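Q: I'd like to ask you about the structure that follows.
Number of protein chains: 2
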Amino acid sequence: MVQIKFWGRLSLAEETYRYQQLEQWLQQGISDGRWKVGDRLPSIREICAQQGLSKATVQHALQRLEAQGLLEVRPKAGHFVTLVPTATEPPRVTSQIDVPRPVNVSDLLLDIMGRSAAFDLLPELHAGDLPPGIIALNRSIGRALRRQRGADFQYYDKPAGDFALREQLGLLLAKRGWPATTDGLCITSGCQHALFLALMACCQRGDVVAVESPGFYGVLQLLEQLGLQVMEIPTSTATGMDMEALEEALGRWDIQACIVSPAFATPGGALMSDASRRRLMVLAEEYDLAVIEDDIYAESGFSQVPDTLKALDDTDRVIHCSSFSKVLSRDLRLGWISGGRWHQRILHLKMVTQLASSRYLQQGVAEYMKDGELSAHLRRQRKLLRAQRDRLLASLQAWPVPVRVTAPQGGLAVWLELPATVDTLAAYRKALDAGVVITPGPLFSASGEYANCLRISFSHPWDERRIRALNQLPELLNLT
Amino acid sequence: MVQIKFWGRLSLAEETYRYQQLEQWLQQGISDGRWKVGDRLPSIREICAQQGLSKATVQHALQRLEAQGLLEVRPKAGHFVTLVPTATEPPRVTSQIDVPRPVNVSDLLLDIMGRSAAFDLLPELHAGDLPPGIIALNRSIGRALRRQRGADFQYYDKPAGDFALREQLGLLLAKRGWPATTDGLCITSGCQHALFLALMACCQRGDVVAVESPGFYGVLQLLEQLGLQVMEIPTSTATGMDMEALEEALGRWDIQACIVSPAFATPGGALMSDASRRRLMVLAEEYDLAVIEDDIYAESGFSQVPDTLKALDDTDRVIHCSSFSKVLSRDLRLGWISGGRWHQRILHLKMVTQLASSRYLQQGVAEYMKDGELSAHLRRQRKLLRAQRDRLLASLQAWPVPVRVTAPQGGLAVWLELPATVDTLAAYRKALDAGVVITPGPLFSASGEYANCLRISFSHPWDERRIRALNQLPELLNLT
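Protein chains in written order, with full-length UniProt numbering: chain A, 1 to 480; chain B, 1 to 480.
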């Protein structure tokens, strides 16, 4: 991160507001490459002094740029450039709602998931050393294993899971506006398992479920397997599900449940505003909706971890689902669910479909959290993810055609919109032949849309080989 | 185990076959208490010499007694008395088939399972040291954890699970008449999870599923949650599901699937004969039935581990389900499934409902198997279980009323039939107040039958406190 030394004086015209002029001037500076992705802008104090502007004016301009995704605030560090200048527009999404319909998931997704690959361009590349957070985690689990005594191995754990782990999760969630109780939490085998239990508990075969479009493909697969119908709601990859579109859909169709990912949703890392969240809860009440909150990316938030949607849930109609897979380890297979008014049924379903979770594993993770190791790991992880995102955005700037791309403040991926002629599904096979796995846009919808879109993850380090794979993409996508 | 020294000469009457006379005389000796449960009979050679009979005659008589469950053969050790003399009759079962109907599982079972208790009279008693097999297991898992390298933690395992573990399972199953391939196996979170995937794959809501009665309560719960109808088939607690009754049911109702536990089924430890197994496969073919084999107890077989039902499956209609929970550790949460013609759908369901299993855990167990530790543990475990069963059967002899009881050759429990006036459901609460958890007969059927029956497990050591709890049972059951 280089601090920019060059700093010219802003020429102020009388006919526009000063904050607008400052905003335009900063935008221009970013477009011209004066400040590049990852660069820090001068401090508010410096801008005030050099431009002769008030603190309020400078703050207002910076806030507007932040809202557009061009800048981001890092606590105690300042404002940083985030967005590719040639793509200040976020990718577009469908604006129309369709009719509810059954889901048919393509074999392509099965193929990609079978390669354990959806988040990596080079899934065969398990290189490098373990990060300290994972070494500490494994030690914690090892200690719990060695602590096993007596006939512990002869008993199944209770369906709700280990008390100490639920206690630690309660503490973690309390920081996010929701005083979750141990009784209200149930341990699962990951977030996908939690989403499955949630849908089993609140829906019947044939029911209609509203989902984000583009949105998480795992949800579409669940709907298919459970015989549920999908109602795709237009969703901004910057600000989440469109509440007007949801309201329209609720007015026209009998919708049973709605799955949202308020914090850093896949594929673009969208963050729902407080206003949107409140609107969702009002609609849920009005239309008697079950709201399934997929919270899996929340703890990755680079500068802030947003409150849970559950924090706004006065009537127990939010089912909160999450896991450690995205921010700690995908090999733990530990998640959790808090089922609101469906919690008893969910506990029952957990027991019937899986009996119990591994006790020593839960104890190891509980101790890891209690020792402060999880917080320390998350702090390191967020910095790492932000740097990896910046590296990706910077690389996209060099592409031969301008692309629209999201600049998420959390999560593990950006969403790209390419020229309308691009066919990412066709490119998938071509890329595979070159040893590269891409995640084509159509996977993120049941409608076949987003053929010219792509999700690219920044969850893995951009070492030389991954950079090479990334640089191959324009050619593989026929952009050259 | 005391070898009986007393040995009188058998008086042979001309009008019956010699083997029948020997059989009656041995039966009488057991009833009279000349040989007690756990005692070894004289060797075949000794009987031949003392009674002046041919080896074939003696062997024939012993085989008949073995088939009745009065004796059991232990390799290289001889014939041992197994059955309580006052209860040479196995418990009775329903002989009539009912109509298919939806399942409503009682809250009682949820209560018992919530106490993680179904196999222990004193579930709060996690006393004692870890057995060597579990210490070795935990070490193996610890080693796998420490071997984790690079970005392993950033990838989900493939849905089918770890290759090395499937390879080891293939070797284990090959000893049981079925050359299972790695491609045909999928790792699950235990046997209950496997049964769930099996039913999801081969049934639709409303379908009728034939089950053993009395049989495994976890299956009844699954049927309830999946909206399937149950057809309870009369099942001998000694020889398994009654094939005539199944055939009658198949002729009268449209049955989609049949769940059987051919080897040491709960609650009584029944073992299906080869003839029954073959008949089942013929019926399955004739009525186009999916056969779900619950194999979870098979490896506990005291003197032999029977072949899998899958070994007879020429047409890929058997779905084999099992896990390590009963013979190794209930805290592992590792099972497996081989789905026959439904295997692709099962893999898909595994992925959609749970994504993956923990890789390091599977690697640890695979190594444990490869090192021969599992075989060594099983050898010790079988001896232990047999001794614990003998201790239980001996204790039941001292009860104030005669009880009918099974004498299983494997599994973890016996099934008791008490006088018709006994109400084990009422006794459940009374026992609970005394700190003892019993498993009443009605849990093992959806029909409310078996009120005077009880499953008692011998999976835990009969230490002083458990013996005391066992000795309290006659009073808690109002038998005194």
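Ideal Cβ positions, reconstructed from N, Cα and C, are used throughout, including at glycine.
All of these numbers come straight from a predicted model, not from anything done at the bench.
1. Considering only residues of the segment 374–421 of chain A, which uninterrupted beta strand (DSSP E) runs meet the minimum length of 3 residues and lie entirely inside it, listed in chain order?
2. Locate the alpha helix (DSSP H) running through Gln344 of chain A, then write down its first and last residues.
3. Between which residues of its own chain and Val58 of chain B is the CB-CB distance below 6 Å, once the five residues before and five after are set aside?
4. Under 9 Å between beta-carbons, which chain B residues line up against Phe153 of chain A? List them in chain order, please.
5. Since Cys321 of chain B sits in a beta bridge, which residues does DSSP pair it with?
6. What number of angstroms, rounded off, separates the C-alpha of Gln204 of chain B from the C-alpha of Leu195 of chain B?
7. How close, in whole Å, do the beta carbons of Glu299 of chain A and Ser140 of chain A come, if the pair is a contact with beta carbons under 8 Å?
8. Taking Cβ-Cβ distances shorter than 8 Å, what residues in chain B pair up with Ser261 of chain A?
9. On the premise that Val305 of chain B lies in contact with Leu280 of chain B, defined as a C-beta separation below 8 Å, what is that separation, rounded to the nearest angstrom?
10. Once you ignore the five residues that flank Arg101 of chain B on each side, which residues in its own chain have a CB closer than 7 Å to its CB?
11. Return the chain-ordered list of same chain residues with a C-beta closer than 8 Å to the C-beta of Ile458 of chain A, the five sequence neighbours on each side being excluded.
12. Okay, do the segment 131–147 of chain B and the segment 246–254 of chain B touch, 3+ Cβ pairs below 8 Å being the bar?
13. According to DSSP, which residues form a beta bridge with Glu66 of chain A?
14. At a CB-CB cut-off below 7 Å, which residues of chain B make contact with Val437 of chain A?
15. Taking C-beta to C-beta, are Lys310 of chain A and Val318 of chain A nearer than 8 Å?
16. Taking 7 Å as the line, does the beta carbon of Gln154 of chain B fall inside it for any heavy atom of the ligand MN?
17. Which residues in the same chain as Arg380 of chain B place their Cβ atom closer than 8 Å to its Cβ, once the five residues preceding and following it in sequence are excluded?
18. With a cut-off of 8 Å, does the C-beta of Thr88 of chain A fall near any C-beta of chain B?
19. Which residue wins for smallest C-alpha separation from Gln192 of chain B, given the options A:Pro402, A:Gly410 and A:Gln354?
20. Can you tell me whether DSSP reads Cys202 of chain B as helix, strand or coil?
21. Which complete beta strand (DSSP E) runs does the segment 219–246 of chain B hold, if anything under 3 residues is left out?
22. What residues of chain B sit near Arg146 of chain A, judged by a beta carbon separation below 8 Å?
23. Rounded to whole angstroms, how far is the Cβ of Arg40 of chain A from the Cβ of Pro267 of chain A, which I believe are closer than 8 Å?
24. Please check if any C-beta of chain A sits within less than 8 Å of the C-beta of His348 of chain B.
25. Ala265 of chain A to Ala469 of chain B, Cα distance in whole Å?
26. Can you tell me the Cβ-Cβ gap for Cys321 of chain A and Asp294 of chain A, rounded? I've got them flagged as a contact below 8 Å.
27. In whole angstroms, what separates the C-alpha of Lys350 of chain B from that of Arg146 of chain B?
28. Tell me which residues share the same chain as Leu222 of chain A and place their Cβ nearer than 7 Å to its Cβ, disregarding the 5 neighbours each side in the sequence.
29. Please go through the same chain and pick out, in chain order, the residues whose beta-carbon is closer than 8 Å to the beta-carbon of Val436 of chain A, but skip the five residues on each side of it.
30. Which first and last residues belong to the alpha helix (DSSP H) in which Phe153 of chain A is found?
31. Can you name, in chain order, every residue of its own chain whose Cβ lies under 7 Å from the Cβ of Ala87 of chain A, other than the five neighbours on each side?
32. Say whether chain B places a C-beta atom closer than 8 Å to the C-beta of Val352 of chain A.
33. Are the C-beta atoms of Pro85 of chain B and some chain A residue less than 8 Å apart?
34. Quick one: list the residues of chain B neighbouring Gly372 of chain A, beta-carbon separation under 8 Å, in chain order.
35. How far does the alpha helix (DSSP H) with Arg455 of chain B in it reach, from first residue to last?
36. Would you kindly check if the distance between the Cβ of Leu347 of chain A and the Cβ of Pro159 of chain A is under 8 Å?
A: Once the coordinates are examined:
1. If we require 3 residues or more, the beta strand (DSSP E) runs fully inside the segment 374–421 of chain A come out as 413–417.
2. Start at 1 with the first residue of the first sequence, and residue 344 of chain A comes out as number 344. That run of the alpha helix (DSSP H) goes His343 to Gln354.
3. Locating residue 58 of chain B in the second sequence gives position 58, where the first residue counts as 1. Cβ neighbours of Val58 of chain B beyond the five flanking positions: Ile44, Ile47 and Cys48.
4. The sequence position of residue 153 of chain A within the first sequence is 153, counting from 1. When 9 Å is used as the limit between beta carbons, Phe153 of chain A is near these residues of chain B: Leu130, Pro131, Ile134, Leu137, Asn138, Leu328, Ser329, Arg330, Asp331 and Leu332, in chain order.
5. For this step, residue 321 of chain B is matched to residue 321 along the second sequence. B:Asp294 and B:Ile337.
6. As a working mapping, residue 204 of chain B is identified with position 204 in the second sequence. As a working mapping, residue 195 of chain B is identified with position 195 in the second sequence. Answer to the nearest angstrom: the Cα atoms are 14 Å apart.
7. The sequence position of residue 299 of chain A within the first sequence is 299, counting from 1. The sequence position of residue 140 of chain A within the first sequence is 140, counting from 1. Ser140 of chain A and Glu299 of chain A do not touch by the CB rule: their CB atoms are close to 18 Å apart, not below 8 Å.
8. Your numbering for residue 261 of chain A matches position 261 in the first sequence. For Ser261 of chain A, no chain B residue has a C-beta closer than 8 Å to its own C-beta; the minimum C-beta separation is roughly 16 Å.
9. Along the second sequence, read from residue 1 onward, the residue named residue 280 of chain B stands at position 280. Along the second sequence, read from residue 1 onward, the residue named residue 305 of chain B stands at position 305. The C-beta separation of Leu280 of chain B from Val305 of chain B comes to about 19 Å, leaving the pair out of contact by the 8 Å criterion.
10. Here residue 101 of chain B refers to the residue found at position 101 when the second sequence is read from its first residue. Here Arg101 of chain B has Gln229 and Val230 as same chain residues with Cβ atoms under 7 Å from its own Cβ, once five neighbours each way along the sequence are excluded.
11. By one-based count along the first sequence, residue 458 of chain A stands at place 458. As written in the sequence, residue 458 of chain A is Phe, which differs from the Ile given in the question. Excluding positions up to five away in sequence, the list reads Leu385, Gln388, Arg389, Arg391, Leu392, Leu412, Ala413 and Val414.
12. No, the segment 131–147 of chain B is not in contact with the segment 246–254 of chain B.
13. For the purposes of this step, residue 66 of chain A is identified with residue 66 of the first sequence, where counting begins at 1. Here Glu66 of chain A is not bridged, per DSSP, to any residue.
14. For the purposes of this step, residue 437 of chain A is identified with residue 437 of the first sequence, where counting begins at 1. The contacting residues do not exist; Val437 of chain A stays about 12 Å from chain B at best.
15. Residue mapping note: residue 310 of chain A aligns to position 310 of the first sequence, counting from 1. Residue mapping note: residue 318 of chain A aligns to position 318 of the first sequence, counting from 1. In contact: Lys310 of chain A and Val318 of chain A (Cβ atoms closer than 8 Å).
16. Ligands displayed in this structure: none; no statement on the ligand MN is therefore possible.
17. For the purposes of this step, residue 380 of chain B is taken as the residue at position 380 of the second sequence. Sequence-distant Cβ neighbours of Arg380 of chain B in its own chain, meaning closer than 8 Å and more than five residues away, are Pro131, Pro132 and Gly133.
18. Residue numbering aside, residue 88 of chain A sits at position 88 when the first sequence is read from its first letter. At Thr88 of chain A the pLDDT is 42, less than 50, meaning the model places this residue with poor confidence; the figure from the coordinates comes in the next sentence. For Thr88 of chain A, the answer is no, since every Cβ of chain B falls outside 8 Å of its Cβ.
19. Here residue 192 of chain B refers to the residue found at position 192 when the second sequence is read from its first residue. Of the candidates A:Pro402, A:Gly410 and A:Gln354, the one whose C-alpha sits nearest the C-alpha of Gln192 of chain B is A:Gln354.
20. For the purposes of this step, residue 202 of chain B is taken as the residue at position 202 of the second sequence. Residue state for Cys202 of chain B is assigned as helix, using DSSP reduced to three classes.
21. Segments of the beta strand (DSSP E) lying fully in the segment 219–246 of chain B: 229–236.
22. If you number the first sequence from 1, residue 146 of chain A lands on position 146. Here the neighbours are Asn138 and Gly142.
23. In the first sequence, the residue the question calls residue 40 of chain A occupies position 40. In the first sequence, the residue the question calls residue 267 of chain A occupies position 267. Taking 8 Å as the upper bound for CB-CB distance, Arg40 of chain A and Pro267 of chain A are not in contact here, some 28 Å apart.
24. Position 348 of the second sequence, counted from the first residue, corresponds to residue 348 of chain B. His348 of chain B counts as touching chain A.
25. As a working mapping, residue 265 of chain A is identified with position 265 in the first sequence. As a working mapping, residue 469 of chain B is identified with position 469 in the second sequence. Straight through space, the alpha carbons of Ala469 of chain B and Ala265 of chain A are spaced by roughly 55 Å.
26. Position 321 of the first sequence, counted from the start, is the residue given in the question as residue 321 of chain A. Position 294 of the first sequence, counted from the start, is the residue given in the question as residue 294 of chain A. Taking 8 Å as the upper bound for CB-CB distance, Cys321 of chain A and Asp294 of chain A are in contact here, some 6 Å apart.
27. Residue mapping note: residue 350 of chain B aligns to position 350 of the second sequence, counting from 1. Residue mapping note: residue 146 of chain B aligns to position 146 of the second sequence, counting from 1. Distance between the alpha carbons of Lys350 of chain B and Arg146 of chain B is about 27 Å.
28. The residue given as residue 222 of chain A occupies position 222 in the first sequence. Excluding five sequence positions before and after Leu222 of chain A, the CB atoms of its chain that fall closer than 7 Å to its own CB belong to Leu195, Phe196 and Leu199, given in chain order.
29. For the purposes of this step, residue 436 of chain A is taken as residue 436 along the first sequence, with counting starting at 1. Excluding its 5 nearest sequence neighbours in each direction, Val436 of chain A has C-beta neighbours in its own chain below 8 Å: Leu121, Leu122, Ala469, Gln472, Leu473 and Leu476, listed in chain order.
30. Position 153 of the first sequence holds residue 153 of chain A. From DSSP, Phe153 of chain A is part of no alpha helix (DSSP H); its letter is neither H nor E.
31. Counting from one through the first sequence, the residue named residue 87 of chain A turns up at place 87. Confidence at Ala87 of chain A is low in this model, with a pLDDT of 43, below 50, so the placement of that residue should be treated as unreliable; the coordinate-derived value is given next. Here the set comprises Pro402, Val403, Arg404 and Val405.
32. Against the first sequence, residue 352 of chain A aligns to sequence position 352. Residue-level contact check: Val352 of chain A touches chain B, since one or more beta carbons of chain B fall below 8 Å from its beta carbon.
33. By 1-based counting over the second sequence, the position of residue 85 of chain B is 85. Below a pLDDT of 50, predicted positions are generally treated as unreliable, and Pro85 of chain B, at 45, falls in that range; no measurement from the model is reported.
34. Here residue 372 of chain A refers to the residue found at position 372 of the first sequence. Ordered by position in chain B, no residue passes the 8 Å Cβ test against Gly372 of chain A, which lies about 19 Å from the chain.
35. For the purposes of this step, residue 455 of chain B is identified with residue 455 of the second sequence, where counting begins at 1. In this chain, Arg455 of chain B is not harboured by any alpha helix (DSSP H); it is covered by the beta strand (DSSP E) spanning Cys453 to Ser457.
36. In the first sequence, residue 159 of chain A corresponds to position 159, counting from 1. In the first sequence, residue 347 of chain A corresponds to position 347, counting from 1. Pairing Pro159 of chain A with Leu347 of chain A gives a Cβ-Cβ distance under 8 Å.
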